[in-house]
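Under numbering that gives the first Met the number 0, the residue at position 219 of the sequence shown is numbered 218, and the numbers go up by one with no gaps.
Each residue gets a CB set at the ideal place from its N, CA and C atoms; glycine is no exception.
To start, the structure itself, in structure tokens.
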Amino acid sequence: MMYDVIIIGGSYAGMAAALQLLRARRTVLVIDAGQRRNRMTAESHGFLGQDGSNPAEIARVARSQLERYSTLTWIEGVAVAASGARDGFTVRTSEGVNHHGRRLLLALGVSDSLPEVEGLAERWGVSVFHCPYCHGYELNRGDVGVIAANPMSVHQASLLAEWGHVTLLTNGVLELEEDAKAALATRGVAIKHAAIARIEGHADVVLADGRCLAFAGLFTAPRNAPVSDIAQKIGCELMETPMGTQIRTTETKETSIQGVYACGDAARVPHSISLAVGDGAWAGAQVHQSLVFPHMARAGTGEAGD
């Protein structure tokens with residue numbers, strides 16, 4: 000079967016794109032590995048109409064709504080290769096099955112490269128976060144720790160002063176210039192230079208010198224990259240952002256390869272469910288219009304993340 004669109008990735012952005020296409024009565028294949036980025040998080044915040052909901056439940060309801068459309072095919076699996084050109088792409092899954100589509104939409108999601116601190120990975124999405132708009136309010140203006148990961152941590156610590164009393168833990172990662180120290184001081188941010196030994200309990204940071212600092216929550220600024228290398232395999236250009244690597248797209252969400260589009264966290268910054276859903280909905284509509292108007296010139300040269 001030749002699908003109108005193959006979407007790789009069935010999380011929020013991928014499903015939002017699929018909805019637009021299905022409502023345009025297009026045949027859509029979604030290939031989903033089932034690894035939502037926020038699968039460790041119990042509550043989602045900042046998403047209009049779903050504030051405080053379990054993100055797994057948001058995804059479950061969304062998929063059930065998509066499955067009402069007869070032109071949807073959903074495969075739980077991993078896409079390992081993609082080839083071809085506009086109007087004739089082939090995607091192979093890890094089971095060795097080939098699927099064919101006229102357009103390809105990459106809603107891959109991203110992986111997070113976390114600081115190598117004992118106990119941090121186990122608390123990621125539970126008491127260690129990256130987005131203050133998603134998780135800051137629930138800390139009730141308590142003590143907030145920011146574990147330095149890269150120069151973006153200075154901005155993160157300064158911003159988080161809106162949500163609590165912030166301590167920036169440089170952990171040997173950052174050498175702060177005097178102007179950075181002064182800017183943090185004006186925001187009331189304390190600075191601790193001691194190395195971190197480990198994280199215990201809910202969000203207790205044990206320093207190498209034996210001190211233990213208790214926090215209501217911790218934040219860090221991980222570097223991101225698409226969770227799959229399938230974009231590179233088909234030849235899509237990547238771009239660097241302050242937060243990591245993402246797929247380069249135009250304003251219409253088309254990549255450097257004609258007929259291949261990308262949306263969601265792997266193709267824009269910053270990241271949240273709200274932004275992923277909006278990006279996916281826009282991408283779905285743009286993919287549909289490329290099918291309706293196949294000779295329409297590639298629109299725009301803007302890049303996601305501008």
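- prompt: Which residue or residues does DSSP assign as beta-bridge partners of Gln155?
  reply: Mapped onto the sequence shown, residue 155 falls at position 156. Answer by DSSP bridge pairing: none, since Gln155 is not bridged.
message: Rounding to the nearest angstrom, what Cα-Cα distance links Gly108 and Ser227 in this structure?
response: What you label residue 108 is simply residue 109 of the sequence shown in a count that begins at 1. What you label residue 227 is simply residue 228 of the sequence shown in a count that begins at 1. One C-alpha to the other measures close to 8 Å.
- prompt: Helix, strand or coil: which one does DSSP assign to Val259?
  reply: Counted from its first residue, the sequence shown places residue 259 at position 260. Three-state DSSP puts Val259 in a strand.
message: By alpha-carbon positions, which one of Glu239, Leu65, Thr40, Phe214 ends up nearest to Arg25?
response: Locating residue 25 in the sequence shown gives position 26, counting from the first residue. Taking only the C-alpha atoms, the option nearest Arg25 is Leu65.
field: Backbone CA spacing between Glu199 and Asp142 [nearest angstrom]
entry: Position 200 of the sequence shown holds residue 199. Position 143 of the sequence shown holds residue 142. Their Cα atoms are separated by approximately 16 Å.
Under 8 Å between C-beta atoms of Ser43 and Gln34: Position 44 of the sequence shown, counted from the first residue, corresponds to residue 43. Position 35 of the sequence shown, counted from the first residue, corresponds to residue 34. No, the Cβ-Cβ distance between Ser43 and Gln34 is not below 8 Å.
query: Touching or not, the region 241–250 and the region 120–128, by the rule of three or more beta carbon pairs under 8 Å?
result: no
query: By how many angstroms is the C-alpha of Leu168 removed from the C-alpha of Glu117?
result: Within the sequence shown, numbered from 1, the residue matching residue 117 stands at position 118. Within the sequence shown, numbered from 1, the residue matching residue 168 stands at position 169. Spanning the two alpha carbons is a distance of roughly 15 Å.
- request: State yes or no: is the C-beta of Leu20 within less than 8 Å of the C-beta of Val286?
  value: Here residue 20 corresponds to residue number 21 of the sequence shown, with the count starting at 1. Here residue 286 corresponds to residue number 287 of the sequence shown, with the count starting at 1. Going by C-beta atoms, Leu20 is nearer than 8 Å to Val286.
message: Taking a contact to mean a Cβ-Cβ separation below 8 Å, would you say Val29 touches Gly9 in this structure?
response: Along the sequence shown, one-based indexing puts residue 29 at 30. Along the sequence shown, one-based indexing puts residue 9 at 10. Cβ atoms of Val29 and Gly9: closer than 8 Å.
field: Opposing strand residues paired with His306 [DSSP bridges]
entry: With the chain covering only 0 through 305, there is no way to say anything about residue 306.
- request: For Ala80, count neighbouring Cβ atoms within 10 angstroms of its own Cβ and tell me buried if that reaches 16, exposed if not.
  value: In the sequence shown, the residue the question calls residue 80 occupies position 81. It is exposed - the Cβ of Ala80 has fewer than 16 other Cβ atoms within 10 Å.
field: Burial state of Val96 (16 or more Cβ within 10 Å)
entry: For this step, residue 96 is matched to residue 97 along the sequence shown. So Val96 counts as exposed.
- prompt: Once you ignore the five residues that flank Tyr68 on each side, which residues in its own chain have a CB closer than 7 Å to its CB?
  reply: What you label residue 68 is simply residue 69 of the sequence shown in a count that begins at 1. Answer for Tyr68: Leu21, listed in chain order.
query: If you check the beta carbons only, do Ala12 and Val259 fall under 8 Å apart?
result: Looking up residue 12 in the sequence shown gives position 13. Looking up residue 259 in the sequence shown gives position 260. For Ala12 and Val259, no; Cβs fall outside 8 Å.
- prompt: Leu159 and Gly135 look like a contact to me (Cβ under 8 Å); what is the Cβ gap, rounded to whole Å?
  reply: Counting from one through the sequence shown, the residue named residue 159 turns up at place 160. Counting from one through the sequence shown, the residue named residue 135 turns up at place 136. At roughly 7 Å, the Cβ-Cβ gap stays under 8 Å, so Leu159 and Gly135 are in contact.
- request: Please report how far the alpha carbon of Pro114 lies from the alpha carbon of Trp162, in whole angstroms.
  value: As a position in the sequence shown, residue 114 is number 115, starting the count at 1. As a position in the sequence shown, residue 162 is number 163, starting the count at 1. Their backbone Cα atoms lie some 22 Å apart in a straight line.
task: Determine the extent of the beta strand (DSSP E) in which Val165 is found, giving its start and end residues.
output: Position 166 of the sequence shown, counting from 1, holds the residue named residue 165. Per DSSP, Val165 belongs to the beta strand (DSSP E) from 164–168.
query: What number of angstroms, rounded off, separates the C-alpha of Thr89 from the C-alpha of Gly83?
result: Start at 1 with the first residue of the sequence shown, and residue 89 comes out as number 90. Start at 1 with the first residue of the sequence shown, and residue 83 comes out as number 84. Distance between the alpha carbons of Thr89 and Gly83 is about 6 Å.
query: Any idea if Ala41 is buried or exposed, counting beta-carbon neighbours within 10 angstroms, 16 or more meaning buried?
result: Numbered from its first residue, the sequence shown carries residue 41 at position 42. Ala41 should be labelled exposed.
message: Can you list, in chain order, the residues of its chain with a C-beta nearer than 7 Å to that of Phe128? Leave out the 5 residues immediately preceding and following it.
response: The sequence position of residue 128 within the sequence shown is 129, counting from 1. Counting only Cβ-Cβ distances below 7 Å, and skipping sequence neighbours, we find His134, Gly216, Phe218.
message: Can you give me the C-alpha to C-alpha distance between Ala106 and Glu174, rounded to a whole angstrom?
response: Stepping through the sequence shown from its first residue, residue 106 is reached at position 107. Stepping through the sequence shown from its first residue, residue 174 is reached at position 175. Their Cα atoms are separated by approximately 36 Å.
- prompt: Given a threshold of 16 other Cβ atoms within 10 Å of its Cβ, counted over all protein chains shown, does His270 qualify as buried or as exposed?
  reply: Within the sequence shown, numbered from 1, the residue matching residue 270 stands at position 271. Its Cβ being crowded by 16 or more others within 10 Å, His270 is buried.
message: Tell me the residue span of the beta strand (DSSP E) that contains Asp142.
response: Locating residue 142 in the sequence shown gives position 143, where the first residue counts as 1. From DSSP, the beta strand (DSSP E) with Asp142 extends over 142–146.
message: Suppose contacts are defined by Cβ-Cβ distances below 8 Å. Is Ala147 in contact with Thr166 by that definition?
response: Sequence index remark: in the sequence shown, residue 147 carries index 148 (1-based). Sequence index remark: in the sequence shown, residue 166 carries index 167 (1-based). Cβ atoms of Ala147 and Thr166: not closer than 8 Å.
message: Which of the three DSSP states is assigned to Thr185 in this structure?
response: By 1-based counting over the sequence shown, the position of residue 185 is 186. Thr185 falls in the helix class under three-state DSSP.
- request: Output yes or no for whether 8 Å exceeds the beta carbon distance between Ala220 and Ser152.
  value: Against the sequence shown, residue 220 aligns to sequence position 221. Against the sequence shown, residue 152 aligns to sequence position 153. Against a cut-off of 8 Å, the Cβ pair of Ser152 and Ala220 comes out as a contact.
field: Distance, Gly209 Cα to Ala196 Cα
entry: Residue 196 sits at position 197 when you count from the first residue of the sequence shown. Residue 209 sits at position 210 when you count from the first residue of the sequence shown. Going from the Cα of Ala196 to the Cα of Gly209 covers about 8 Å.
message: In the DSSP output, which residue or residues are listed as bridge partners for Met238?
response: The residue given as residue 238 occupies position 239 in the sequence shown. For Met238, which the question treats as bridged, DSSP gives the partners Gln245.
message: Beta-carbon within less than 7 Å of Thr70's beta-carbon, same chain only, minus the 5 sequence neighbours each way: which residues are those?
response: Counting from one through the sequence shown, the residue named residue 70 turns up at place 71. Cβ neighbours of Thr70 beyond the five flanking positions: Leu21, Arg24, Arg25, Thr26, Val27.
- prompt: DSSP on Cys130, reduced to helix/strand/coil?
  reply: Numbered from its first residue, the sequence shown carries residue 130 at position 131. Cys130 falls in the coil class under three-state DSSP.
- prompt: What did DSSP end up calling Lys180 once you bin it into helix, strand or coil?
  reply: For this step, residue 180 is matched to residue 181 along the sequence shown. Here Lys180 sits in helix by DSSP.
- request: Could you spell out where the beta strand (DSSP E) holding Ser112 opens and where it closes?
  value: Residue numbering aside, residue 112 sits at position 113 when the sequence shown is read from its first letter. Residues 109–112.
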